[in-house]
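**Q** Dropping a structure here in structure tokens format, bear with me for questions.
Protein chains: 4
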Amino acid sequence: MKYQDILDACSLSAADTTGGTLCVTTPVDGSEIAQVPTHSVADAEAAIATGVQAFNAWRKVPAPRRGELVRLLGEELRREKENLGRLVSLECGKIYQEGLGEVQEMIDICDFAVGLSRQLYGLTIASERPGHSMRETWHPIGVCGIITAFNFPAAPWCWNAALALVCGDPVIAKPSEKTPLTQLAIQKICERAMATFGEDAPEGLIQTLIGERDLGEVLTASRDVALISATGSVPMGKAVAADMSKRLGKTILELGGNNAMIVAPSADLEMAVRAIVFSAVGTAGQRCTSLRRLIVHADIYDQLIPRLIKVYAGLSIGSPLADGTLVGPLIDAGALTAMEQALEQAKAEGGTVYGGGRALTDQYPDAAYVAPAIVEMPEQSAIVHTETFAPILYVVKYTDLDAAIAMQNAVPQGLSSCIFSTDLRETEHFLSAQGSDCGIANVNIGPSGAEIGGAFGGEKETGGGRESGSDAWRAYMRRQTSTVNYSRALPLAQGISFEI
Amino acid sequence: MKYQDILDACSLSAADTTGGTLCVTTPVDGSEIAQVPTHSVADAEAAIATGVQAFNAWRKVPAPRRGELVRLLGEELRREKENLGRLVSLECGKIYQEGLGEVQEMIDICDFAVGLSRQLYGLTIASERPGHSMRETWHPIGVCGIITAFNFPAAPWCWNAALALVCGDPVIAKPSEKTPLTQLAIQKICERAMATFGEDAPEGLIQTLIGERDLGEVLTASRDVALISATGSVPMGKAVAADMSKRLGKTILELGGNNAMIVAPSADLEMAVRAIVFSAVGTAGQRCTSLRRLIVHADIYDQLIPRLIKVYAGLSIGSPLADGTLVGPLIDAGALTAMEQALEQAKAEGGTVYGGGRALTDQYPDAAYVAPAIVEMPEQSAIVHTETFAPILYVVKYTDLDAAIAMQNAVPQGLSSCIFSTDLRETEHFLSAQGSDCGIANVNIGPSGAEIGGAFGGEKETGGGRESGSDAWRAYMRRQTSTVNYSRALPLAQGISFEI
Amino acid sequence: MKYQDILDACSLSAADTTGGTLCVTTPVDGSEIAQVPTHSVADAEAAIATGVQAFNAWRKVPAPRRGELVRLLGEELRREKENLGRLVSLECGKIYQEGLGEVQEMIDICDFAVGLSRQLYGLTIASERPGHSMRETWHPIGVCGIITAFNFPAAPWCWNAALALVCGDPVIAKPSEKTPLTQLAIQKICERAMATFGEDAPEGLIQTLIGERDLGEVLTASRDVALISATGSVPMGKAVAADMSKRLGKTILELGGNNAMIVAPSADLEMAVRAIVFSAVGTAGQRCTSLRRLIVHADIYDQLIPRLIKVYAGLSIGSPLADGTLVGPLIDAGALTAMEQALEQAKAEGGTVYGGGRALTDQYPDAAYVAPAIVEMPEQSAIVHTETFAPILYVVKYTDLDAAIAMQNAVPQGLSSCIFSTDLRETEHFLSAQGSDCGIANVNIGPSGAEIGGAFGGEKETGGGRESGSDAWRAYMRRQTSTVNYSRALPLAQGISFEI
Amino acid sequence: MKYQDILDACSLSAADTTGGTLCVTTPVDGSEIAQVPTHSVADAEAAIATGVQAFNAWRKVPAPRRGELVRLLGEELRREKENLGRLVSLECGKIYQEGLGEVQEMIDICDFAVGLSRQLYGLTIASERPGHSMRETWHPIGVCGIITAFNFPAAPWCWNAALALVCGDPVIAKPSEKTPLTQLAIQKICERAMATFGEDAPEGLIQTLIGERDLGEVLTASRDVALISATGSVPMGKAVAADMSKRLGKTILELGGNNAMIVAPSADLEMAVRAIVFSAVGTAGQRCTSLRRLIVHADIYDQLIPRLIKVYAGLSIGSPLADGTLVGPLIDAGALTAMEQALEQAKAEGGTVYGGGRALTDQYPDAAYVAPAIVEMPEQSAIVHTETFAPILYVVKYTDLDAAIAMQNAVPQGLSSCIFSTDLRETEHFLSAQGSDCGIANVNIGPSGAEIGGAFGGEKETGGGRESGSDAWRAYMRRQTSTVNYSRALPLAQGISFEI
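Chains as they are written, first to last, in full-length UniProt numbering: chain L, 1 to 500; chain D, 1 to 500; chain A, 1 to 500; chain X, 1 to 500.
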């Protein structure tokens with residue numbers, strides 16, 4: 001399929017993809033696929049103003065009716081799954097299967113949000129005063145800014161938007177400048193859903209801003225943006241947090257991860273191998289939940305590591321659009337350099353590197369294909385504590401589970417973690433208060449945070465935000481605690497007496 | 001009762017109250033009642049280190065057992081209610097009844113926390129994969145710093161500490177430098193409870209740091225303090241938020257309020273008068289939930305305002321320790337100056353001031369007693385948008401409810417709000433998504449956030465934190481989303497296929 | 001549209017509607033529209049056996065995947081809304097608008113159930129023992145029998161089935177022998193959804209049994225039917241409960257209602273009139289939530305009642321399939337007789353009857369059209385305490401709200417209730433522990449239990465069951481409380497010591 | 001300690017324990033310890049009438065205030081723990097440690113209920129109609145009858161009463177005629193708590209009826225008893241259910257259990273032995289959660305069973321009041337006969353019996369001491385499917401886990417179950433939808449349902465009720481679903497159009 005056909009299938013027009021100043025290259029071969037027009041700071045301010053208008057209308061629309069819009073969005077996404085999945089693959093370089101997976105997550109979260117639209121549960125609470133009733137209710141908060149990253153150009157927007165829309169909030173997307181096309185395609189899908197939905201959807205309910213960091217800064221600076229949900233690096237997240245601290249705005253931060261797997265002696269090693277490879281080389285190691293550290297019990301180390309090295313050597317590297325490819329390219333040359341530097345540092349810290357070299361340079365001289373690397377480390381040294389957005393898997397050995405958990409917890413990030421073990425005592429300990437300190441802790445699967453029914457997000461420098469399932473929807477609403485006195489008396493709480 | 005007797009009754013020894021560099025004066029008459037030794041920055045760092053040790057032990061203690069410590073704390077507080085209530089009154093100047101009320105809140109939150117100690121509910125969640133189970137669990141987070149303010153020297157510490165302790169977290173208190181004695185007395189009560197509880201309570205579980213802002217900064221700077229819960233002014237909160245953004249630490253911010261009441265034509269005016277006076281002059285207008293703005297319907301304005309002015313004129317101002325006093329002193333001369341300046345500005349903006357002058361200057365020349373002020377304003381001008389920590393009640397008129405709500409929402413803070421009306425359509429509208437934008441919205445009671453069973457806190461510049469009841473306990477824990485694969489297969493989520 | 005066309009549009013074949021022993025007549029004109037083949041007791045037993053097989057397979061299918069079947073069912077229902085709505089109208093005689101409303105409820109509950117399929121939340125619970133974790137999980141229970149009534153031949157099946165299916169339970173429907181066609185049409189819709197869904201849906205997952213009461217008795221007698229959800233009269237419900245008590249099986253009982261509205265002086269009378277008329281004459285007074293009693297404050301009685309009598313006189317009575325009809329026929333001659341007897345008794349007890357006569361006898365001699373009746377009663381006498389399934393509205397007067405509430409609560413049933421008042425004190429009192437004793441208590445709307453997001457059902461002789469929204473899904477699952485000891489010690493609870 | 005001293009310590013007076021017609025013998029030695037006056041049917045009816053009066057007052061008392069009474073009750077129980085524990089031991093024959101354990105559960109549930117008293121959470125729910133709000137609230141239901149059994153004369157009353165009282169319901173206890181004294185002692189404790197509490201506690205709030213089954217029948221027959229919570233045998237439960245089906249009253253049934261443990265090859269056998277012995281011989285096998293069936297994997301059978309037989313042989317049998325006793329007496333001669341008959345039948349079905357003979361006949365000729373029995377069975381035959389209330393442990397062998405689970409699930413009761421295994425795959429499978437069908441499913445502990453924070457109760461013939469923790473409190477309240485229309489329009493749900 002030609003690249004232009006992929007764009008066309010997503011209804012991207014010449015106006016969307018030509019004549020602009022933002023050059024989009026595909027990591028597949030490094031060629032330019034679009035010159036996207038960008039928004040100015042003034043455009044961003046206008047978008048916020050329109051968003052505020054939309055908020056005033058949208059919050060009046062009953063939640064189940066808002067859910068109907070999200071249901072229609074899900075229907076559109078079902079129809080466009082292959083088209084959008086292919087665009088994701090083209091633009092960010094993940095394999096087509098994973099592109100489809102992103103769209104499926106969008107569909108799933110829409111279904112989930114539709115169900116929520118008849119819940120959004122608050123509480124009624126027993127009051128200590130006669131003739132009083134107490135309630136806790138959740139209300140829409142206002143315009144939500146959604147800042148997303150190149151490696152997941154589709155699903156995280158939808159995790160946020162599907163919930164925000166059901167919760168009564170307009171959304172303004174600011175995608176990565178590396179992957180604007182996917183967001184533009186999503187915006188078109190949304191517009192079709194809104195057209196079907198009809199006039200209850202106000203103008204400005206769903207907007208997209210294309211451009212650089214300065215647009216994000218307009219969002220973080222404005223008191224009219226009630227919430228910033230930002231996915232990206234830790235430094236980006238700290239910058240957002242600092243900006244928001246000036247106006248005490250709300251944030252959902254989904255930042256880096258330096259995710260480990262502990263492999264215990266009782267593990268099913270064949271399952272572990274599959275999980276390790278998918279987690280470490282999937283999306284070319286550019287997921288926030290990519291597996292970066294492998295903490296292996298000494299007793300099985302010599303069984304597992306050689307097997308892994310062998311599997312790594314046989315992985316099919318190639319175009320993410322081609323059938324059978326498991327490892328696509330890195331996003332760009334910068335990512336390649338970072339990987340090379342990390343491997344150098346690892347060697348300097350005593351590591352033994354397997355794989356890790358550049359690949360397919362003949363076929364794709366302008367792209368950044370690499371062979372995924374396994375690095376045996378003598379200990380969990382500085383580079384192992386560092387998140388490098390590339391397919392590098394550091395391996396260390398352990399003998400005591402608590403020491404392994406301490407290693408797992410020693411990094412500044414706290415996104416995801418896992419253990420392979422069939423020993424209940426080990427697995428429950430890993431999941432306990434004394435176990436993993438991450439937001440996600442899995443057993444006998446990799447560190448993915450996958451199903452949309454659970455809350456996704458992490459602790460420590462990962463930023464503390466939660467998205468997707470469970471009660472993540474609450475972040476898009478404000479909590480109101482109300483006491484209604486329907487009696488003819490005015491008792492004070494705590495039995496205080498105050499007579500005028 | 002002599003001041004020294006009040007200190008003695010709270011087991012404060014000479015070592016606690018003499019020889020230090022922190023001079024504590026009582027607002028009752030401005031006299032010095034203690035010279036409290038302070039902690040150094042090094043002391044604060046040591047306290048954090050001890051706290052971390054305590055955390056490692058305490059998180060292993062089962063939650064219902066942790067609840068037992070809090071139950072014993074509640075029992076101690078029951079015994080000391082009068083003593084501690086009197087000290088609160090002496091040190092911060094609120095009337096004795098309100099001092100007792102603070103201690104009662106401490107007792108209530110202890111009871112509530114004991115119940116929570118067998119809950120701390122997470123979720124089990126339906127998984128999309130066969131042979132997988134999904135769970136969301138809540139775990140202790142670590143050392144909690146509790147920064148409190150002079151106007152509530154007792155209850156907020158306990159809202160935080162009772163929950164934090166049950167949740168598995170050690171606490172380090174940093175009280176206002178204006179009111180260290182109450183916190184010292186609480187610390188002693190805690191130590192008695194811990195002694196009764198026995199050795200499961202590790203050293204350093206409950207600590208107090210006495211001193212200035214630099215101690216707070218040690219807490220905000222340290223990665224070993226997982227959570228800062230800070231009560232105080234908006235500028236203080238912004239400073240804490242900025243510090244915490246550097247390390248992406250967790251915060252609970254309980255900052256200022258500029259709380260309004262709307263009085264509708266159908267209101268029970270006698271009840272409204274009582275509520276207004278208690279809310280506006282209680283604690284000499286120095287509560288975060290003090291009533292500061294009165295938005296009165298034109299049809300009843302002339303019934304209500306003269307009645308209020310008359311009641312104000314008859315309020316008994318005097319020593320907070322004396323029976324019958326309704327209005328005690330401001331905390332200090334600075335507060336007095338701020339009040340005088342605010343009234344000047346109000347006049348300049350067209351306001352008519354009733355009351356507001358200094359009081360009891362003969363009897364208490366070194367104290368800051370004032371007559372509470374009512375100020376009729378032509379509109380909600382700049383000074384009305386400003387929180388002045390003093391008993392000033394600005395009054396404005398309205399004719400349309402939506403306009404009144406817009407006025408109510410126009411200030412930067414979002415703590416508390418209320419309406420007096422018996423018209424269901426008005427009251428439910430006020431509580432709806434289009435109504436009050438505050439964290440607390442009451443009907444036919446003042447803007448107090450009183451009962452501990454509900455979550456306390458506010459939106460916008462009030463900081464967004466929630467304390468006390470409902471699920472406020474979650475802020476003291478970390479959320480863990482876990483998927484356990486107990487099958488012999490490794491299906492990927494979203495139906496992704498990835499074969500090695 | 002010809003009757004046969006309505007049947008054809010719902011894919012009912014000659015095999016479904018001819019040659020059987022169950023004669024179905026339409027209340028529209030009393031003509032026979034089908035002779036439906038019935039199932040034998042042996043068929044019913046076989047159906048249960050197949051259901052058990054289906055259960056063993058279906059409970060292994062992950063809940064979100066089960067939700068996908070319900071989503072597809074919802075899609076089919078969207079497509080068939082008009083067709084099925086018309087069949088409902090034809091078969092049970094409610095107006096076409098209400099027939100559509102039933103199908104819309106089916107669609108809504110499907111959407112809601114899809115969302116639930118990623119929730120089905122249990123709890124994780126703090127344990128008092130170190131190294132122990134405690135969980136509460138919800139599991140499928142088994143085959144569910146769904147017994148429905150003629151007046152709602154469609155929606156209640158779906159309230160039950162959508163939840164049961166998502167919860168992992170096969171369903172066996174036993175519709176009223178008066179309205180089998182609607183259920184047969186639904187069965188066909190389900191089969192299409194299952195075909196689209198694919199092989200994960202086992203044979204026997206969704207079944208229908210056509211016949212008389214003996215088939216229901218097979219269901220209640222069998223230990224292999226885990227739950228009976230039965231909608232119908234109080235005597236039917238008591239019979240089911242007695243049968244189930246022999247084997248301690250689970251039930252959801254949705255029985256009769258004798259629903260009242262209190263109209264207070266502050267009510268918006270125009271709104272009240274609309275609500276009263278729709279609630280009292282809709283479905284010709286044959287809803288379980290029909291308004292049967294009107295308790296009117298003396299001060300507005302003379303305003304309201306004459307206005308109502310006038311509106312009643314102008315109601316368009318006619319074929320439920322015709323545009324503009326508001327009042328269709330009673331289900332059959334038996335219903336007519338019951339209505340006539342009730343009106344006789346009402347007169348004997350001092351009532352004054354307006355309307356209530358038979359209508360359209362020329363046009364439809366074999367049908368049971370009536371003019372809805374208003375009956376002014378001197379007090380709430382015996383007949384007013386009786387539920388007559390017909391459009392009779394008894395009116396009584398009150399002066400004191402608590403007395404009105406006492407009247408409202410005096411009947412044996414406890415389904416629904418409402419108040420028209422704009423006085424907050426009255427409305428909240430009505431909703432309080434001292435107010436209505438019904439499962440549904442509304443303010444400023446009629447006694448309908450309408451939205452599917454809330455739980456539907458009633459207290460006292462209404463049977464106590466809950467269906468549809470909130471956590472009604474739990475009735476279709478079993479609760480499991482689990483404690484996992486992952487330590488190497490065996491502490492007993494409550495500190496018991498027992499050394500061997 | 002003399003028996004009379006035990007009675008005296010519990011404040012039982014001569015009026016309580018002499019001159020009545022109900023002879024109470026202690027199972028310790030079979031001697032008569034009291035002749036308790038009984039209540040008549042007329043007394044029971046009067047008690048219900050007083051209870052209704054109490055309900056009308058108590059439901060008005062705010063729930064947190066009701067919680068204060070329960071807190072005071074907990075304080076009284078703390079004081080009386082040893083006294084009451086000893087009476088329990090004397091009257092029902094369980095060892096003193098277990099008697100203390102019962103009282104500790106009472107204390108724990110009181111603490112838990114106090115916490116609940118500020119929760120009793122309902123929901124606020126998103127409505128599909130503009131200007132409407134939807135709520136689900138929980139209200140008191142009325143008088144609760146609590147029927148308890150001889151084997152737990154104390155704790156189950158308190159599980160029910162603590163929750164019922166907090167929920168707003170008066171309670172009437174009907175203890176077993178074998179153990180009235182414990183309930184009389186509890187009644188006295190309650191009266192002290194109520195006296196401390198003051199006048200908010202109405203007369204008749206907590207009542208006790210002493211007598212035979214006819215008193216229970218007064219409770220089940222009366223419409224004024226909203227809920228019957230009954231603990232006892234399956235036949236008793238079916239009788240209660242049949243009675244209640246006549247008036248569609250609410251029940252909580254806690255009936256028999258036939259609880260199994262599966263011991264897998266990976267089990268920690270030393271822990272298993274301790275758990276088995278405590279579970280099977282504790283309370284002389286007369287707990288509803290007693291371990292009755294042991295399903296042991298063939299690979300470890302020969303390790304485990306001889307070890308068990310040896311431990312059994314060494315168990316100290318003796319007076320439950322004596323230090324060091326592990327096995328006290330059966331309740332009476334009837335229980336002894338039932339045990340002997342069961343062992344005969346087991347032999348007839350191919351079983352090999354170890355132990356099981358009568359013990360201490362010289363020392364206590366009038367008591368029913370037995371040596372606990374282990375019975376190796378060739379298969380799970382008829383007697384193994386039968387619950388015999390005595391210390392008989394049937395042992396069967398398994399090789400396939402699913403077959404073991406099928407055996408575990410094959411009995412009609414569904415109370416409790418457990419597995420000893422350290423293999424995560426086995427343990428999670430056991431806890432899954434395809435695992436145990438019991439209300440309680442434990443891992444690496446016995447089948448006790450112990451901690452009060454979880455819900456206690458079982459499936460199938462165990463009756464389906466839940467008591468104690470989680471949301472068991474809801475059974476003591478009625479659910480109210482309310483929609484409030486605060487708009488000036490009257491939209492119908494499901495978009496129905498109905499114009500008059």
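Beta carbons are placed, not taken as given, at the ideal position from N, Cα and C, and that holds for glycine.
At what residues does the alpha helix (DSSP H) containing residue 533(D) begin and finish?
**A** There is no way to answer for residue 533(D), as the model of chain D reaches only from 1 to 500.
**Q** What does residue 119(A) reach in chain L if we use C-beta pairs closer than 8 Å?
**A** Per Cβ cutoff of 8 Å: 115 and 453.
**Q** Could you please give me the residues that DSSP links to residue 504(X) through a beta bridge?
**A** An answer regarding residue 504(X) cannot be provided, because it is not within the stretch 1 to 500 covered by chain X.
**Q** If you measure between the beta carbons of residue 227(X) and residue 240(X), is that distance less than 9 Å?
**A** Not closer than 9 Å, so no.
**Q** Closer than 7 Å by beta-carbon distance: list the chain X residues that pair up with residue 423(L), in chain order.
**A** The contacting residues are 422 and 424.
**Q** Grouping DSSP H, G and I as helix and E and B as strand, with all else coil, what is residue 39(A)?
**A** Residue state, collapsed to three classes: coil.
**Q** If we define contact as Cβ-Cβ less than 9 Å, is residue 270(A) a contact residue for chain L?
**A** Chain L, which has no Cβ nearer than 9 Å to the Cβ of residue 270(A), makes this no.
**Q** For residue 544(L), decide whether its Cβ has a neighbour in chain X, counting only Cβ atoms nearer than 9 Å.
**A** The question about residue 544(L) has no answer, for chain L in this structure spans 1 to 500.
**Q** List the residues of chain L whose Cβ lies closer than 7 Å to the Cβ of residue 429(A), in chain order.
**A** Ordered by position in chain L, the residues that pass the 7 Å Cβ test against residue 429(A) are 486.
**Q** Might you give, ordered along the chain, the residues of its own chain that have their beta carbon closer than 7 Å to the beta carbon of residue 20(L), omitting 5 neighbours on each side?
**A** Result list for residue 20(L): 35, 36, 37 and 38, in chain order.
**Q** Taking the alpha helix (DSSP H) that residue 6(D) belongs to, which residues open and close that run?
**A** From DSSP, the alpha helix (DSSP H) with residue 6(D) extends over 3-9.
**Q** In chain L, which residues lie with their C-beta within 7 Å of the C-beta of residue 440(D)?
**A** By Cβ distance, chain L contributes 481.
**Q** Which of the three DSSP states is assigned to residue 364(X) in this structure?
**A** Of the three classes helix, strand and coil, the one that applies to residue 364(X) here is coil, per DSSP.
**Q** Suppose only complete runs of 4+ residues qualify. What are the alpha helix (DSSP H) ranges in the region 324-391 of chain A, listed by chain order?
**A** Qualifying alpha helix (DSSP H) stretches, in chain order: 333-348.
**Q** Beta-carbon separation of residue 74(D) and residue 248(L) under 9 Å?
**A** The answer is no: Cβ separation not under 9 Å.
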